[in-house]
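In what follows, a structure is listed as structure tokens, so that the remarks can point back to it.
There are 2 protein chains.
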Amino acid sequence: MTVIIVIFEYLSGKLKYRVKMKNLTYLFILFVFLGCEYHEKSPEKPSNNLDNLQKSIGKFGIVIHGGAGTILKEDMSDSLEAAYKAKLKEAISAGYEILKSGGSSLDAVTHTINIMEDSPLFNAGKGAVFTHDGSNELDASIMDGATLNAGAVAGIKHIKNPINLALDVMQKSEHVMLYGAGAEEFAQTLGYKMMDTSYFYTQKRYESLQKVLRNEKEKNGKKVSFEDPFIKNSKFGTVGCAALDKHGNLAAGTSTGGMTNKRWSRIGDAPIIGAGTYAKNATCAVSSTGWGEYFIRAVVAYDISALMEYKGMTLQEAASEVIQKKVPALGGDGGIVAIDKDGNVAMEFNTAGMYRATMNSEGELVIKIYKDE
Amino acid sequence: MTVIIVIFEYLSGKLKYRVKMKNLTYLFILFVFLGCEYHEKSPEKPSNNLDNLQKSIGKFGIVIHGGAGTILKEDMSDSLEAAYKAKLKEAISAGYEILKSGGSSLDAVTHTINIMEDSPLFNAGKGAVFTHDGSNELDASIMDGATLNAGAVAGIKHIKNPINLALDVMQKSEHVMLYGAGAEEFAQTLGYKMMDTSYFYTQKRYESLQKVLRNEKEKNGKKVSFEDPFIKNSKFGTVGCAALDKHGNLAAGTSTGGMTNKRWSRIGDAPIIGAGTYAKNATCAVSSTGWGEYFIRAVVAYDISALMEYKGMTLQEAASEVIQKKVPALGGDGGIVAIDKDGNVAMEFNTAGMYRATMNSEGELVIKIYKDE
């Protein structure tokens with residue numbers, strides 16, 4: 399574009415003169431110069447970490463989700479909507495206060511997610527959905543953008559706050575990912591309390607499982623349950639958080655009960671680093687929510703970072719590319735929340751709604767549920 | 399560049415004439431046209447699958463690894479070296495024949511890996527290493543570059559060929575990743591034979607566990623076992639394969655017993671789509687081997703694809719960037735084998751050796767073990 403504009407300027411300014419050799423030489427030098435400038439500004443150049451750090455000092459922000467899906471205003475009572483918004487506000491405010499007082503993004507992410515894990519409103523911790531055999535299997539992951547260290551747990555059944563165990567896997571083991579009883583054995587070496595499985599029982603989630611099972615039976619076991627929006631909505635859900643602290647460090651975390659009626663110890667995207675969770679100080683921190691299988695195949699969280707780092711996209715452009723184009727092209731749906739190294743936030747989804755909230759350095763709070771809001 | 403060359407041509411051809419309005423208009427139109435052409439050829443644009451398909455028809459290739467690590471010639475007997483090379487040749491030849499006769503890359507990958515899984519020489523299937531409690535827990539994953547579909551299993555104990563189960567998860571379930579007993583329950587619905595765990599017992603791997611345990615005890619449980627090259631070498635290992643078939647379809651697969659002395663149901667990179675395995679027809683197919691925790695954190699397999707797609711790197715440049723720079727920067731080591739849409743192969747590692755082999759359309763076979771070979 400720059401080249402074309404300059405030709406225009408050249409033409410309009412010079413047409414009254416005869417073009418001589420000298421003028422053409424200037425034109426040529428100008429083009430070479432512009433060519434170099436164009437190349438330098440090319441999005442392929444990796445950004446400078448130190449510059450970013452300098453810019454970000456003092457600036458911070460946080461963004462959360464409580465799951466994406468077929469969330470329609472007509473299906474929601476005023477009191478339920480108010481309950482969701484209040485809990486989102488409580489959760490994000492906790493993280494905001496940590497960041498404001500100079501705490502780390504890892505701390506903010508963990509504490510914010512804890513509040514959502516402890517609420518029966520969201521499919522994580524206390525509100526986890528039921529598996530096919532009527533149990534609850536929890537997954538979580540967390541990543542530190544400063545060190546690219548990461549921790550994840552999957553298929554755990556007795557830990558109140560799976561995100562805390564993911565953090566401990568990252569910080570206190572030599573591993574990244576632990577599963578089920580093994581992960582809980584590790585938790586016990588750290589003094590974690592083993593919860594009775596009844597802690598995870600909620601009437602609403604149990605009824606969802608029964609409805610899905612009835613639907614499956616009526617369809618002779620065929621996987622057609624997604625034709626019913628209620629079923630689809632109640633099958634998925636996740637909570638997640640991405641934060642930038644005053645020290646320029648990014649972190650992201652995700653926690654979930656997985657998929658209603660899941661069987662065969664299915665693992666979704668939430669505990670997969672690169673799919674459900676990713677953070678890198680040079681780019682962004684991302685937490686995903688949606689149909690996990692498609693999010694694994696599209697390597698959603700890391701792809702957003704890669705599009706920023708390698709193609710020079712903004713966070714919003716990268717999030718839109720992945721969530722509005724790449725995931726739907728595979729047939730999947732869901733969303734992400736993300737924050738970049740400069741505090742810009744993206745809350746992108748291709749479903750009817752996503753429980754979401756964000757707060758910036760100035761304490762400005764945004765809480766939304768539906769698409770057009 | 400094109401723009402500059404054309405200016406040169408224009409200058410040399412037209413200098414003897416006075417430049418009139420008409421000529422300048424032509425020049426302008428030419429620049430607009432060339433600008434568009436330049437933009438179209440930019441490496442940022444994702445490549446056209448149909449074009450690739452056309453180019454690749456008839457061309458095929460396959461590449462395998464049997465693990466990377468501290469593999470030194472002075473520690474290896476001639477007979478053991480010959481045994482490794484013979485098994486690598488047998489495995490890759492099986493895949494080559496499938497590809498040559500027009501079979502799919504998925505088939506070639508699966509059958510090639512089966513031969514290595516069935517050999518006690520490699521840490522996968524029959525030769526799997528032992529966990530801390532003296533059992534064997536197997537992981538595998540596979541990905542189809544044509545559809546971006548994927549399948550993975552982790553922590554399984556009774557399946558002879560885990561890569562086959564990963565393929566069935568991809569093709570016969572609505573999931574991508576299944577774990578342990580749940581994955582085996584799914585396998586039983588498909589008629590898989592449940593192997594007695596004694597099938598996976600090999601004296602050599604059991605002795606490795608004992609040595610690692612003794613070493614750990616001597617160091618009072620501290621994780622310092624990597625100071626002994628034998629220990630380091632015997633702790634890791636994987637088998638993997640990447641292939642391009644005559645139809646232009648890429649596929650990759652990885653299978654492993656994980657890490658000697660692993661505990662708490664640790665999951666490494668082998669069953670993680672994006673870390674251990676990735677395939678996309680527009681770019682490449684990759685299988686990783688190495689210190690899994692670092693490969694997960696660096697999203698190794700997908701990062702190679704992203705560097706090709708978004709930065710226009712060649713396969714070799716991308717593989718080198720990730721294995722020689724990014725993984726070591728985190729403190730990890732290991733390697734990858736990969737093949738791109740045009741049949742170019744990369745076998746990149748930052749360890750003393752990697753069991754590896756490749757065959758191209760012409761049937762040219764390369765088998766190597768050590769770094770400088």
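These protein sequence lines map, in sequence, to chains A and B.
Residue numbers for the first sequence follow my numbering, beginning at 399 and rising by one.
Residue numbers for the second sequence follow my numbering, beginning at 399 and rising by one.
Even glycine gets a Cβ: it sits at the ideal position worked out from N, Cα and C.
Item: Coil, strand or helix - residue 718 of chain A by DSSP; Value: helix
Item: Under 8 Å (Cβ pairs) to chain B, residues found in the stretch 572-596 of chain A; Value: 572, 573, 574, 575, 576, 577, 578, 579, 580, 581, 583, 584
Item: Enclosing alpha helix (DSSP H) for residue 514 of chain A [first to last residue]; Value: 503-515
Item: Proximity below 9 Å, CB of residue 664 of chain B to CB of residue 575 of chain A; Value: yes
Item: Residue 533 of chain A burial status per 10 Å Cβ neighbour count (16 or more: buried); Value: exposed
Item: Listed by chain order, chain B residues near residue 694 of chain A by CB distance under 9 Å; Value: 548, 550, 574, 575, 670, 671, 672
Item: Inter-stretch contact (C-beta, 8 Å, three-pair minimum) for the stretch 736-753 of chain A and the stretch 682-689 of chain A; Value: yes
Item: Terminal residues of the beta strand (DSSP E) in which residue 746 of chain B lies; Value: 743-747
Item: Buried or exposed (CB count within 10 angstroms, at least 16 for buried), residue 595 of chain A; Value: exposed
Item: Coil, strand or helix - residue 532 of chain A by DSSP; Value: coil
Item: Exposure label - residue 419 of chain B; buried when at least 16 CB within 10 Å; Value: Residue confidence is low: residue 419 of chain B scores 45 on pLDDT, short of 50, so the model does not pin down where it sits. Its coordinate-derived value is still stated next. Counting Cβ neighbours within 10 Å, residue 419 of chain B comes out exposed, since fewer than 16 surround it.
Item: Option nearest residue 520 of chain A by Cα separation, candidates A:541, A:559, A:492, A:584; Value: A:559
Item: Outcome for residue 475 of chain B when other beta-carbon atoms lying within 10 angstroms are tallied against a minimum of 16; Value: exposed
Item: Residues that DSSP places opposite residue 542 of chain A in a beta bridge; Value: A:547, A:649
Item: Extent of the continuous beta strand (DSSP E) run through residue 596 of chain B; Value: Note, residue 596 of chain B: premise wrong, no beta strand (DSSP E); not H, not E.
Item: Backbone CA spacing between residue 611 of chain B and residue 471 of chain A [nearest angstrom]; Value: 59 Å
Item: Beta-bridge pairing of residue 654 of chain B - partner residues as DSSP gives them; Value: B:537
Item: Beta carbon proximity, residue 649 of chain B to chain A, threshold 9 Å; Value: no
Item: CB contact check: residue 691 of chain B to chain A, cutoff 9 Å; Value: yes
Item: Closest by C-alpha distance to residue 730 of chain A, when choosing among A:466, A:523, A:458; Value: A:466
Item: Residue 749 of chain A and residue 469 of chain A closer than 9 Å at C-beta; Value: yes
Item: Start and end residues, beta strand (DSSP E) containing residue 467 of chain A; Value: 459-467
Item: Bounding residues of the alpha helix (DSSP H) (the contiguous stretch that carries residue 568 of chain B); Value: 560-570
Item: Sequence-distant residues of its chain with Cβ nearer than 7 Å to residue 747 of chain B (five each side left out); Value: 466, 721, 732, 733
Item: DSSP-derived helix/strand/coil call for residue 666 of chain A; Value: coil
Item: Contacts that residue 377 of chain A makes with chain B (C-beta to C-beta distance below 7 Å); Value: Coverage of chain A is limited to positions 399 through 771, which leaves residue 377 of chain A absent and any answer about it impossible.
Item: Cβ pair residue 672 of chain A, residue 673 of chain B closer than 9 Å; Value: yes
Item: Inter-stretch contact at 8 Å, needing at least 3 Cβ pairs: the stretch 685-701 of chain A / the stretch 638-655 of chain A; Value: yes
Item: Residue 607 of chain B - DSSP class collapsed to helix/strand/coil; Value: helix
Item: Member of B:693, B:646, B:667, B:597 whose CA lies at the smallest distance from the CA of residue 678 of chain B; Value: B:646
Item: The stretch 707-718 of chain A: positions lying closer than 7 Å to chain B by Cβ; Value: 708, 709
Item: Close beta carbons around residue 518 of chain A, own chain, < 6 Å, minus the five adjacent residues each side; Value: 524, 525, 600
Item: Reduced DSSP secondary structure (H/G/I, E/B, other) of residue 821 of chain A; Value: This structure cannot speak to residue 821 of chain A, because chain A is shown only from 399 to 771.
Item: Within 9 Å, strictly: CB atoms of residue 670 of chain B and residue 702 of chain B; Value: no
Item: Segment contact, 8 Å Cβ cut-off, at least three pairs: the stretch 581-597 of chain B with the stretch 550-564 of chain B; Value: yes
Item: Beta carbon of residue 755 of chain A nearer than 9 Å to that of residue 487 of chain A; Value: yes
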